[in-house]
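First the structure, in the form of structure tokens, and then the observations on it.
In UniProt numbering, the protein residues as written are 1 to 143.
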């Protein structure tokens, strides 16, 4: 034990020891609260989408995109890495409005840009798409 230091007085390391013992718990608390808030917000979004009414409307698929998110955790014993891909489909409605929807039913590989048909939309999700094949004269008059 350092002479004159009983653990309750000034730190033998100068002022930095006291700062670290007070700042680190506050920092951990802030991270904990941020994670809890993020879980609540994501849960609320899921519940909102899951409880939304399903609407079917005529649309044209104007674009598709993927969002790949990587997660890695490296420590002394294990190197863990994972990724998750989110698929989005942008729809154009008959009034010209466009909106992007999260594909939750694996439609991404089944549809192509330019496809027209009826999309079932539930909140921010696209949950079904039924392609319609227009007659030759209708193709030139839409959009």
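Quick reminder that beta carbons are idealized off the backbone N, C-alpha and C, glycines included.
Practice problem: Hey, could you find the ends of the beta strand (DSSP E) residue 62 is sitting in? | Solution: 54–74
Self-check item: Three-state secondary structure (DSSP) of residue 78
Solution: coil
Quiz prompt | Short Cβ contact (9 Å threshold) for residue 93 with residue 58 | solution = yes
Exercise. Use the C-beta contact count for residue 34: other C-beta atoms within 10 angstroms, 16 or more gives buried, fewer gives exposed.
Key: exposed
Practice problem: Pick out whichever of 89, 55, 84 and 53 has its Cα sitting closest to the Cα of residue 64. | Solution: 89
Self-check item: Contact set for residue 73: own chain, Cβ-Cβ below 7 Å, skip 5 residues either direction
Solution: 80
Practice problem: Answer yes or no: do residue 123 and residue 61 have a C-beta to C-beta separation smaller than 9 Å? | Solution: no
Practice problem: With a 10 Å radius around its C-beta and 16 neighbouring C-beta atoms as the bar for buried, classify residue 1 as buried or exposed. | Solution: Note on residue 1: pLDDT 48, under 50, position unreliable in the model; the coordinate value appears next. The residue in question, residue 1, is exposed, as its Cβ has fewer than 16 Cβ neighbours within 10 Å.
Practice problem: Mark residue 103 as exposed unless 16 or more other C-beta atoms lie within 10 angstroms of its C-beta, in which case mark it buried. | Solution: buried
Quiz prompt | Where the beta strand (DSSP E) through residue 102 begins and ends | solution = 98–103
Quiz item: Near residue 42, what residues of its chain come up, given a Cβ to Cβ distance below 6 Å and the 5 sequence neighbours on each side ignored?
Solution: none
Practice problem: Count the other C-beta atoms from every protein chain shown that fall within 10 angstroms of the C-beta of residue 126, then say buried if there are 16 or more, exposed otherwise. | Solution: buried
Quiz prompt | Cross-strand partners of residue 129 (DSSP beta bridge) | solution = 119
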